[in-house]
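Residue numbers (mature numbering (1 follows the signal peptide of the UniProt record, and there is no 0)): -19 to -1, 1 to 276. Reading through the structure tokens given below for one structure.
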Amino acid sequence: MILSAAFIVFAGVAAVISASPSVSRRDEPNNISSPNLGYNELYRLQNQFYERFKYPNNVVEAHSINSSVFAENVQGRVSDTRNFQGRELNTEYIFGLFIPSDSVSIIGRPGDFEILQFAANQNIASASTRVNFTFPSFGGIHMPIVIDTWFTYNDKKEISQYDVVFRWFGYLLQNLLTSLDPDPVVGIKKATMALATSICTSEQTYCNGTNSQFGSQNECMTFLTQDIRLGQSFELGMNTLLCRSVHEVMIKYRPDVHCSHVGRDGGGMCDDSISYLEKANEAYYENSPWIPTVS
């Protein structure tokens, strides 16, 4: 997942793939050959993605339910969280998560962007992009975020796979917390209470019947503020308050799917079941054409 050095390596890999018959590329899933889209088209698609990602365009994508940006069987992975499979789930998390909400959240609203680095070959695009975010829950402060991405595209020019890293996210989180109070201990306490209150309000409002996770607001608050940790920046997919805050925004869209993610066991999205070694050694993608295969 570590992409910071990928751009140095990528050009060399692309050159070898183009010039040497001894290096082959894996085909797209379902035996569909990888399209040769070319550098200019891949750069256009990169810009198109971020144009749709920025507010208010992301609202349109989120309401589409199944964004045409993604292939139906898209495989996605985002640093510090979990993996996302399929078009509908990716539409929710990549677009719906970043639209305006009444929830208190560490998630910001994306705005203008600048592609800082870009390398592309055939149907693969790799980039670093700086996106300007606004954080409504933190006094509306503005912060840039550098996002590293690997994309692959299918014949329909849909994203078939992506691997994403939010660079220096821990540093950003520290800035958000200290914006609440210059004393980091006080800032953490304020954030904990605000995030927990927001999550519990959403859970009590939208998670009814079999989707209910807690018997009362007080029970929910006790669990979120005393029984689990706030979490560090790399724990957005672990048994933390921060992880449940990420998933809270999705509750009102599909309670059957997302209510369990804020509950006690985390619903398979917020738990400590995945170790560091499992993350580092994970072989997630069915098709990884960015990895050279020497024959």
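C-beta atoms are modelled at their ideal positions from N, C-alpha and C, and glycine is treated no differently.
Spatial neighbours of residue i within its chain, please: C-beta separation below 6 Å, excluding the five flanking residues on both sides.
i           : result
residue 155 : none
residue 95  : 111
residue 80  : 39, 40 and 43
residue 132 : 106, 140 and 143
Specify the secondary structure class of residue i as computed by DSSP and reduced to three states.
i           : result
residue 58  : strand
residue 98  : strand
residue 135 : coil
residue 41  : helix
residue 53  : strand
residue 76  : coil
residue 237 : helix
residue 89  : coil
residue 127 : strand
Starting from residue i, trace the beta strand (DSSP E) both ways and give me its first and last residue.
i           : result
residue 64  : 64 to 66
residue 262 : Careful: residue 262 lies outside any beta strand (DSSP E) and carries neither H nor E.
residue 206 : Taken as a continuous stretch (DSSP letters only), residue 206 belongs to no beta strand (DSSP E), as it is neither H nor E.
residue 113 : 105 to 116
residue 141 : 140 to 147
Any beta carbon from chain C within less than 8 Å of residue i's own beta carbon?
i          : result
residue 27 : Chain labels in this structure do not include chain C; a single protein chain is all it has.
Residues in its own chain within less than 7 Å of residue i by CB, not counting five upstream and five downstream?
i           : result
residue 9   : Summary for residue 9: the model assigns pLDDT 44, below 50, so the residue's position carries little reliability; its value from the coordinates is reported in the next sentence. Closer than 7 Å at Cβ, skipping near neighbours: 15, 135, 141 and 268.
residue 234 : 73 and 77
residue 121 : 115
residue 33  : 39, 42 and 50
residue 20  : 101
residue 66  : 56
residue 266 : 56 and 142
residue 214 : 61, 150, 151 and 154
Using a Cβ-Cβ cutoff of less than 8 Å, which residues in the same chain neighbour residue i once the five nearest sequence positions on both sides are dropped?
i           : result
residue 218 : 61, 62, 63, 224, 250, 251 and 255
residue 2   : Its pLDDT being 38, under 50, residue 2 is placed unreliably by the model, and the measurement read from it follows with that caveat. Here the set comprises nothing.
residue 231 : 73, 74, 77, 78, 238, 239 and 242
residue 137 : 52
residue 169 : 158 and 211
residue 201 : 177, 180, 181, 184, 185, 194 and 195
residue 253 : 219 and 220
Assuming residue i contacts residue j under a Cβ cut-off of 8 Å, what Cβ separation, rounded to an integer in Å, is found between them?
i           : j           : result
residue 190 : residue 220 : The Cβ separation is near 25 Å, so there is no contact.
residue 176 : residue 104 : At roughly 40 Å, the Cβ-Cβ gap does not stay under 8 Å, so residue 176 and residue 104 are not in contact.
residue 179 : residue 119 : In fact, because the Cβ distance is near 13 Å, the residues do not count as touching under 8 Å.
residue 206 : residue 173 : 6 Å
residue 298 : residue 127 : Summary: the structure shown does not reach residue 298, with the chain confined to residues -19 through 276, and so no result is reported for it.
If we count the other Cβ atoms within 10 Å of its Cβ and call it buried at 16 or more, is residue i buried or exposed?
i           : result
residue 210 : exposed
residue 144 : buried
residue 152 : exposed
residue 91  : buried
residue 222 : buried
residue 87  : buried
residue 236 : buried
residue 321 : Outside the modelled stretch of the chain, which goes from -19 to 276, sits residue 321, for which no answer is possible.
residue 262 : exposed
residue 295 : The structure shown does not extend to residue 295, since the chain is modelled only from -19 to 276, so the question has no answer here.
residue 70  : buried
residue 264 : exposed
Terminal residues of the continuous alpha helix (DSSP H) containing residue i?
i           : result
residue 180 : 165 to 187
residue 159 : 150 to 161
residue 224 : 222 to 229
residue 29  : 20 to 34
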